[in-house]
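Step one of this worksheet: look at the structure below.
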Amino acid sequence: MKGIQVTAYGKPADVVKLVDVPDVGRPEFGEIVIDIDAASVEPSDLYVIAGSYGILPPLPHILGIQGVGRVSAVGSNVKHVKEGDRVIVPPFTPSWIERVKTTATWLRPLPTADLDQLAMLGINPATAYLLLTRFVQLKRGDWLLQNAANSSIGRAVIALAKLRGLRTVNVVRRAELVDEIKAIGGDIALVDGEDLPKRVAEATGKASIQLALDGVANSATQRLLNSIASYGTVVVWSAMSGRPFTVSGPPVIFRDQTIRGMWIFNWFQTLKPEQITEMYAELVPLIASGALSFPVAGRFSFDQYLGALDVASKYSGKAILTPDR
Numbered sequence: 135m136k137g138i139q140v141t142a143y144g145k146p147a148d149v150v151k152l153v154d155v156p157d158v159g160r161p162e163f164g165e166i167v168i169d170i171d172a173a174s175v176e177p178s179d180l181y182v183i184a185g186s187y188g189i190l191p192p193l194p195h196i197l198g199i200q201g202v203g204r205v206s207a208v209g210s211n212v213k214h215v216k217e218g219d220r221v222i223v224p225p226f227t228p229s230w231i232e233r234v235k236t237t238a239t240w241l242r243p244l245p246t247a248d249l250d251q252l253a254m255l256g257i258n259p260a261t262a263y264l265l266l267t268r269f270v271q272l273k274r275g276d277w278l279l280q281n282a283a284n285s286s287i288g289r290a291v292i293a294l295a296k297l298r299g300l301r302t303v304n305v306v307r308r309a310e311l312v313d314e315i316k317a318i319g320g321d322i323a324l325v326d327g328e329d330l331p332k333r334v335a336e337a338t339g340k341a342s343i344q345l346a347l348d349g350v351a352n353s354a355t356q357r358l359l360n361s362i363a364s365y366g367t368v369v370v371w372s373a374m375s376g377r378p379f380t381v382s383g384p385p386v387i388f389r390d391q392t393i394r395g396m397w398i399f400n401w402f403q404t405l406k407p408e409q410i411t412e413m414y415a416e417l418v419p420l421i422a423s424g425a426l427s428f429p430v431a432g433r434f435s436f437d438q439y440l441g442a443l444d445v446a447s448k449y450s451g452k453a454i455l456t457p458d459r
């Protein structure tokens, strides 16, 4: 069985290899085997390869954190799926491999939909769902603010917000992205800058914004804090700037604002199976209907993994890996 493995930390050409690994074998009680059809290359994969991710796995390590495939075998007492069903790969299961074995009881059969989009269902839409539901209780008509709005998570936030009747202020770093964000349903799109709080207030009629989502960090975090209301919350889910967030103490103190971190891996350790099932029951129709989709830069067979990593490093669309079978 083939898998794509990182053997050390460094440049992909030096440390990532296509290797033979032992097959997963037959499923036992409560287990299923999934034949991988497609898996996406995510920024976290690139960070792991470089050795710069927040938590690094023991080496050598099969890469990939999400994907989609078909159930090829089921063990005894498995009732939630059957052979032939298409399912997502449970998030954070190494997916750049031909087959995986899992006991995830929350998995459900997927409808017919674009395979590449299904491969990207596991992590980013789920992150967006949790960002909108686990920190601040928003009601229909409320505003929320986010930067990194053109990212996969930002796009998912827009789609989920529309479904829930929420309004979004979406911050991007380049002017040419404004129309794109509006085209996918963003209510307001603004280019980041020092005067962002003033422009957010003008665009929303000085709305009391209680939730901001930060995927950039550095000085962008302070601009979000300055744009939201007293007692509001900024949830930092990434640091795409490559720098830690910097904030001024007095405004946070005297406006009773909250800064929270969020890593979806931790949430998957605490959510009950029925909560995960409920979450994906809301997310799957968005992908199946096309209401939520992510740009795809190219598809690559496993033996083209270096090309996939190169494309992914440009952040102009997702690279999709497919096993050579």
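Here the sequence shown is numbered in our numbering, starting from 135 and rising by one per residue.
The beta carbon of each residue, even a glycine, is placed where N, CA and C say it ideally should be.
Query: Check this for me: beta carbons of glycine 198 and serine 229, under 8 angstroms apart or not?; Result: yes
Query: With DSSP as the reference, label isoleucine 421 as helix, strand or coil.; Result: helix
Query: Below 8 angstroms on the Cβ atoms is my contact criterion, and I expect arginine 233 with aspartate 169 to pass it. Report the Cβ-Cβ distance as a whole number of Å.; Result: 5 angstroms
Query: Are there 16 or more other CB atoms within 10 angstroms of the CB of lysine 452, so buried, or fewer, so exposed?; Result: buried
Query: Taking the beta strand (DSSP E) that valine 386 falls in, what are its first and last residues?; Result: Per DSSP, valine 386 belongs to no beta strand (DSSP E); it is in the alpha helix (DSSP H), 383–388.
Query: Classify phenylalanine 379: buried if its beta carbon has 16 or more other beta carbons within 10 angstroms, exposed otherwise.; Result: buried
Query: For the beta strand (DSSP E) holding lysine 235, just list the boundary residues, first then last.; Result: 233–236
Query: With the cut-off set at 8 angstroms, would you say leucine 324 and leucine 265 are in Cβ contact?; Result: no
Query: Alpha carbon to alpha carbon, how far is serine 427 from valine 418?; Result: 11 angstroms
Query: Strictly by DSSP, which residues pair up with aspartate 348?; Result: Val370
Query: Using DSSP with H/G/I as helix, E/B as strand and the rest coil, what is glutamate 311?; Result: Residue identity differs from the one stated: residue 311 is leucine in this sequence, not glutamate. Reduced to three states, the DSSP call for leucine 311 is helix.
Query: Please go through the same chain and pick out, in chain order, the residues whose beta-carbon is closer than 6 angstroms to the beta-carbon of arginine 333, but skip the five residues on each side of it.; Result: Leu324
Query: At the level of alpha carbons, what is the spacing between arginine 289 and glycine 319?; Result: 9 angstroms
Query: Excluding the 5 residues preceding and the 5 following phenylalanine 226 in the sequence, name in chain order all residues of the same chain whose CB lies nearer than 7 angstroms to its CB.; Result: Ile199, Phe399 and Phe402
Query: According to the Cβ coordinates, are leucine 244 and arginine 220 closer than 8 angstroms?; Result: yes
Query: Can you pull the DSSP bridge partners for phenylalanine 434?; Result: Leu455
Query: Excluding the 5 residues preceding and the 5 following glutamate 217 in the sequence, name in chain order all residues of the same chain whose CB lies nearer than 7 angstroms to its CB.; Result: Val205, Ser206, Ala207 and Val208
Query: Label alanine 173 either buried or exposed according to how many other C-beta atoms from any shown protein chain fall within 10 Å of its C-beta, with 16 as the threshold for buried.; Result: buried
Query: Beta strand (DSSP E) containing isoleucine 322: first to last residue?; Result: 322–325
Query: Just curious, the beta strand (DSSP E) that tryptophan 230 is in, first and last residue?; Result: Here tryptophan 230 belongs to no beta strand (DSSP E), and DSSP marks it neither H nor E.
Query: In three-state terms, what does DSSP make of threonine 302?; Result: strand
Query: Please say whether leucine 180 and serine 375 have beta carbons closer to each other than 8 angstroms?; Result: no
Query: Mark asparagine 258 as exposed unless 16 or more other C-beta atoms lie within 10 angstroms of its C-beta, in which case mark it buried.; Result: buried
Query: Identify every residue that forms a DSSP beta bridge with tryptophan 397.; Result: None, per the DSSP bridge assignment.
Query: According to the neighbour-count rule (16 or more other Cβ atoms, all chains shown, within 10 Å of its Cβ), is arginine 160 buried or exposed?; Result: exposed
Query: Excluding five sequence neighbours on each side, which residues of the same chain lie with their C-beta closer than 7 angstroms to the C-beta of valine 445?; Result: Ala431, Gly432 and Ala453
Query: Using only alpha-carbon positions, find the residue among Asp458, Ala415, Gly203 and Ser364 that is nearest to arginine 384.; Result: One detail in the question is off: residue 384 reads as proline in this sequence, not arginine. When each option's Cα is compared against that of proline 384, the closest is Ser364.
Query: Mapping the DSSP letters down to three states, classify glutamine 139 as helix, strand or coil.; Result: strand
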